[in-house]
Every structure is written in structure tokens, then in C-alpha cells.
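A quick write-up on the structure given underneath.
Residue numbers (the working numbering): 1097 to 1329.
Right under this line is the structure:
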């Protein structure tokens, strides 16, 4: 690419951004947003610096697209906030919060008033309205119902090395921290999975699933082993 070609591209980019600004979109830095001509953005939405919007993207009204976010071929509802995240070929509903550092891979469908927090990855999965995955969670090939809470470190174990399987967590269920759901399993409505459990079979509605060994305490173990004593040289 020569200088003239670059200048033409930059001029075209500024024309696109100015058109969005005239339609009610707010830019923190007009020169630091990279938006394809095919993108639709609703009035009242704020675009932060270093945002990249590619392909068939539709963003609703009064959204916030935070810095360093990339959205490709996806739809974002109204009043949704995206912070420093990547969304590919997916749909996010209204009044939902995504990020920072979330990754929505193709085929993800997140409902309204959801929370997809930091270091959460979703792939080919759905989250019903009001569902929350606040941090450090992987949702792969699964369907999460309405008002489900996924604790920190939850993993949907969807791949056995040759095939991928799908799990379902139904409305109102609670999945405790550091739990593994070994697909295919179904967690029925209102069921609880205790923290640290590995789920290998279906959980009935309203039940508590616990899968961990019983803890025990060995009094005086540290002193007997001499672990805290400094070795003499």
C-alpha cells in the first residue's frame, strides 16, 4: 500500500465515523475508531478509542463500547456495555454487561440483563435472561437458562478428544465455584451444584449435588514435619 492509497482509506474511515456522529453516536476519539461501512449503530451509543467493528454489526441505542473491543458480524441490544472484549458472530441482548476481557466465539447468544464478566469464554452456547457468569468461566456447546448463576472457575467439559457434547442448565440453577460439568448432563430447574464438584450425571430439580471427598484436619502436622524450621547451614 502506498501513501495515496492509505490516505484514501483514512478519508473513507473518517467519513463513516462522521456519519455515525451526525446520527447521534458519541466518539471519545473520532480518529481512533475503526468501523466498516456495513455497521449500524443506534443513537446515544458511545464508542471508546481503539474499537474495531467489522462486517455485519448492529449495535442498539445508548450502548457503551469500551476501549480495545472488537465486534464482528454480531448484534448488540440497547443499553448494553461491552468492555475490552471480543465478540464474533454472536448476539448479545439489551441491558447486558460484557467484560472486561470476555470472549464470545461464534454461535453465542446472550440474553437481556446478563453478566458475562472478566475472562469468561462462551462458544456456541446460549445464556437466558438474567444469567450471570462473572469471571473465569468457560461455557462451551451448552444452554444456560434464565437467572442461572455460574460461579468463578466453572467449566463446561464439552470435548472428550473426538466428539463434542452439549449440556443444559435450566432456569434458576446455581453452579458453585470451580465446578466441572462433564457433558452431556442436565441440571434441572433450581438445582444447586456445590463448589468444587465434578458433575457426571443429571441433577434433579431442587436438589443439591455434591461431588468432593470429605475434608479432614491433621492437628500438629506442620510442627511434626518441621516445615517451618529454617535449615542450618
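Each residue gets a CB set at the ideal place from its N, CA and C atoms; glycine is no exception. Source: prediction; values computed, not measured.
A Cβ-Cβ contact shorter than 8 angstroms links residue 1222 with residue 1205. In the three-state reduction of the DSSP assignment, residue 1115 falls in the helix class, which pools H, G and I. The beta carbon of residue 1304 is closer than 6 angstroms to those of 1288 in its chain, skipping five residues each way along the sequence.
Following the DSSP letters along the chain, one finds residue 1318 in no beta strand (DSSP E) but inside the alpha helix (DSSP H) bounded by residues 1317-1321. Within the DSSP secondary-structure output, residue 1231 pairs in a beta bridge with 1214. A Cβ-Cβ distance of about 21 angstroms is found for the pair residue 1160 and residue 1134, leaving them out of contact under the 8 angstroms criterion. With a beta-carbon spacing of about 23 angstroms, residue 1242 and residue 1214 fall beyond the 8 angstroms limit used to define contacts. Judged by DSSP in its simplified three-state form, residue 1223 adopts strand.
The beta carbon of residue 1117 lies closer than 8 angstroms to those of 1123, 1126 in the same chain, with the five residues before and after it left out. Looking from the CA of residue 1209, the closest CA among 1193, 1140, 1237, 1255 belongs to 1193.
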